[in-house]
Amino acid sequence: MKNDKKKVAIITGASSGIGQATAKELASKDITVMLAARREERLQELKDEIEQLGGTAYYHVTDVTNAEEMEQLAKKTVELAGHIDILVNNAGLMPLSLINKRKIKEWDQMIDVNIKGVLYGISAVLPYMEEQKSGHIVNISSVAGHKVMPGSSVYSGTKYAVRAITEGLRQEMNASHNIRTTIICPGAVATELTETITDEDILAAFKDRDMKPLDSENIAKSISYAVEQPDHVDVNEIIVRPTRQDM
């Protein structure tokens with residue numbers, strides 16, 4: 001049943017990590033969540049968990065690299081929940097590698113998910129937000145979108161792009177639109193992202209790192225902070241690092 005009084009948030013990459021933690025966090029704040037990812041079994045499990053805790057959740061299997069599927073996600077959200085107040089563009093890949101390893105397929109995947117996925121998400125929800133003259137788009141970048149290190153060249157390029165796209169959107173969605181934008185830049189987080197790395201030199205560097213990473217819940221609380229602000233407050237960017245991370 002639609003509840004037009006409750007805020008509604010779409011969260012991509014909701015099947016694990018930051019997306020999963022964000023879904024739980026926002027649902028605990030009485031925000032209806034639409035869970036989007038490719039792994040249906042995990043989405044169903046998360047939906048059940050949120051509902052058992054008293055929250056409201058829906059899910060829609062979605063590939064963020066497919067613009068039509070993102071359009072369907074937005075449409076389904078409105079059909080089920082009545083409106084779209086928040087988009088958390090969280091889906092991302094991080095197969096770090098040195099450029100001379102020439103991992104072209106991995107480059108293409110990062111560009112498709114990390115850049116095109118963000119753009120497709122914005123494109124899908126913006127008409128609804130413009131019509132209702134309100135909304136909040138949260139895009140997940142990275143500290144790698146502020147500083148490049150060996151192995152992060154392509155990944156950093158995608159995350160710099162996310163920051164540029166979000167800032168451009170902020171400037172275009174002026175006061176008359178009442179659409180807020182936030183860039184979240186996590187440092188090292190204990191998620192599945194590192195499982196996509198195939199470059200052995202990069203993997204060795206990760207194993208040698210002596211630092212306690214952030215938990216996904218730490219980033220989820222940052223997102224919650226941004227979206228809970230009064231309408232006249234726009235938290236434009238948040239960087240969250242482990243205390244011992246120097247980059």
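Its first residue numbered 1, the sequence shown is counted upward by one per residue in my numbering. Using N, Cα and C, we set each Cβ at its ideal position, and we do this for glycine too. If you're wondering where the values come from, they're calculated on a predicted model, not measured in any experiment.
DSSP-derived helix/strand/coil call for residue i
{"i": "V118", "result": "helix"}
{"i": "E228", "result": "coil"}
{"i": "R180", "result": "strand"}
{"i": "V35", "result": "For the record, residue 35 in the displayed sequence is Leu; it is not Val. Of the three classes helix, strand and coil, the one that applies to L35 here is strand, per DSSP."}
{"i": "G168", "result": "helix"}
{"i": "P127", "result": "helix"}
{"i": "L93", "result": "coil"}
{"i": "I223", "result": "helix"}
{"i": "L26", "result": "helix"}
{"i": "V154", "result": "helix"}
{"i": "V113", "result": "helix"}
{"i": "I137", "result": "strand"}
{"i": "L43", "result": "helix"}
{"i": "L203", "result": "helix"}
Buried versus exposed call for residue i [16 or more other C-beta atoms within 10 Å across all chains shown]
{"i": "N174", "result": "exposed"}
{"i": "N236", "result": "exposed"}
{"i": "K103", "result": "buried"}
{"i": "V154", "result": "buried"}
{"i": "I243", "result": "Strictly speaking, residue 243 in this sequence is Thr, with Ile absent from that position. Burial call: exposed."}
{"i": "N261", "result": "Outside the shown range of the chain (1 to 247) lies residue 261, about which nothing can therefore be said."}
{"i": "M211", "result": "exposed"}
{"i": "D63", "result": "buried"}
{"i": "L53", "result": "exposed"}
Whole-angstrom distance between residue j and residue i, CA atom to CA atom
{"i": "E8", "j": "K29", "result": "Sequence check: residue 8 is Val here, not Glu. So the alpha carbons of these two residues sit roughly 11 angstroms apart."}
{"i": "L26", "j": "K159", "result": "24 angstroms"}
{"i": "N114", "j": "G55", "result": "29 angstroms"}
{"i": "V125", "j": "E131", "result": "10 angstroms"}
{"i": "E172", "j": "P127", "result": "14 angstroms"}
{"i": "A190", "j": "A81", "result": "32 angstroms"}
{"i": "I238", "j": "T198", "result": "29 angstroms"}
{"i": "V78", "j": "Q245", "result": "41 angstroms"}
{"i": "N66", "j": "R39", "result": "15 angstroms"}
Residue range of the unbroken alpha helix (DSSP H) whose run includes residue i
{"i": "E69", "result": "67-81"}
N- and C-terminal bounds of the beta strand (DSSP E) containing residue i
{"i": "I10", "result": "8-12"}
{"i": "A57", "result": "57-61"}
{"i": "E237", "result": "237-240"}
Item to complete: For the stretch 217-232 and the stretch 100-120, state whether three or more C-beta atom pairs, one from each stretch, are separated by less than 8 angstroms.
Response: Under the Cβ criterion (8 angstroms, minimum of three pairs), the stretch 217-232 does not count as touching the stretch 100-120.
Fill in: Cβ contact (3+ pairs, closer than 8 angstroms) linking the stretch 43-56 and the stretch 8-23
Short answer: they touch.
Worksheet item: Is the stretch 82-92 touching the stretch 130-141, taking contact as three or more C-beta pairs under 8 angstroms?
Response: Contact check between the stretch 82-92 and the stretch 130-141: three or more CB pairs, one atom from each, fall below 8 angstroms, which counts as touching.
Discussion item. With three or more beta-carbon pairs closer than 8 angstroms as the criterion, would you say the stretch 57-76 touches the stretch 33-43?
Written reply: Short answer: they touch.
Discussion item. Count Cβ pairs between the stretch 195-203 and the stretch 92-107 that sit closer than 8 angstroms; are there 3 or more?
Written reply: The stretch 195-203 vs the stretch 92-107: in contact.
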